[in-house]
Amino acid sequence: MKKAFQIFRRDIKRLFHNRAALLIVVGLSHQKQPYPMAGIHALHGIAAIFLRTSVGPMA
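If you want the numbering used here, it's the 1-based position in the sequence shown plus 503.
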């Protein structure tokens, strides 16, 4: 396990020294973020619709 952490730490250091690779990693990590959030917001909207209609008429 110690060897795995050494390799991980070495890779992170190399990543910060290579700006192009760092830019790609940051871009890819933030690229996928809006899609799950859109799904979560859509599910909350659907739940709100069902809750409003099951309680009674909308005002």
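Cβ atoms here follow ideal geometry from the backbone N, Cα and C, with glycine treated the same way.
Under 9 Å between C-beta atoms of leucine 525 and leucine 531:
At least 9 Å separates the beta-carbon of leucine 525 from that of leucine 531.
The ligand PLP and glutamine 509: does the residue's C-beta get closer than 8 Å to at least one heavy atom of that ligand?
In terms of ligand content, the structure shown is empty, and the ligand PLP therefore cannot be addressed.
Just to confirm my understanding: we take arginine 522, look at its own chain, exclude 5 residues before and 5 after, and list those with CB closer than 8 Å. What are they?
Counting only Cβ-Cβ distances below 8 Å, and skipping sequence neighbours, we find nothing.
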